[in-house]
Structures are given as structure tokens and as C-alpha cells.
Amino acid sequence: MGLEMFSLHTKVMNGMEGRMHESNMRILVGLGVAVVYLFVGAIVFVRIEYPLEKIERETYLEYQNQWRQRLLQLDIDGEPGDRIYWDFL
């Protein structure tokens, strides 16, 4: 009885090792596919969103320049405004 249990245990453990190697390979393949999918998705997202982001960045710089001009008209140096801005961020 003990010998039968030992041989059964050995068969089960040997079978599990093969399955573990197989499942590890599946996990690695799945992770590889996920990384490639995210990489391709990031490239597509950048290609789609870049023109809008460029417009928004230009609009932001215009807005910032308008505020600087407004502050200079009021004889306020840009340094305190910059400090307030960076403290806010």
C-alpha cells in the first residue's frame, strides 16, 4: 500500500511539473501579447491625439503670454507670479 501511494505520488508530481512548465509558457506568451498590445495602442493613441495636443499646447502658451502681458501692464514683475504658479502645481 505504501509503495503504491509513493508511485502514485511520483506520477502526480511528474505530471504537474509538465503542466507547470506549460502554464508558465502560457503566462509568458500572454504577458508578451499584452505588452505588444499596449505598445501598439500607445503608438496609435499618440498618432491620433498629437494634433489636438499641439493645438492645446499653443493655446496654453498664448493664454500664459496674455497673462504675462497683463501683469506687465500692471507693473507686476513676472517672478512672483511664476512662484505662485509653481507653488500651485
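Take the sequence shown: its letters are residues 11 to 99, numbered as in the working numbering.
All C-beta atoms, glycine included, are put in the ideal place defined by N, C-alpha and C.
Assign residue i to one of three DSSP states: helix, strand, or coil.
{"i": "L81", "result": "helix"}
{"i": "I37", "result": "helix"}
{"i": "I86", "result": "coil"}
Report whether the distance from the Cβ of residue i to the nearest heavy atom of the ligand NAD is below 7 angstroms.
{"i": "V46", "result": "Ligands in the displayed structure: none, and consequently the ligand NAD is not present."}
In chain order, what residues of the same chain lie with their CB nearer than 8 angstroms to the CB of residue i, ignoring the 5 residues before and after it?
{"i": "L62", "result": "none"}
Quick one: what's got a C-beta closer than 7 angstroms to residue i's C-beta in the same chain, skipping five residues either side?
{"i": "G42", "result": "none"}
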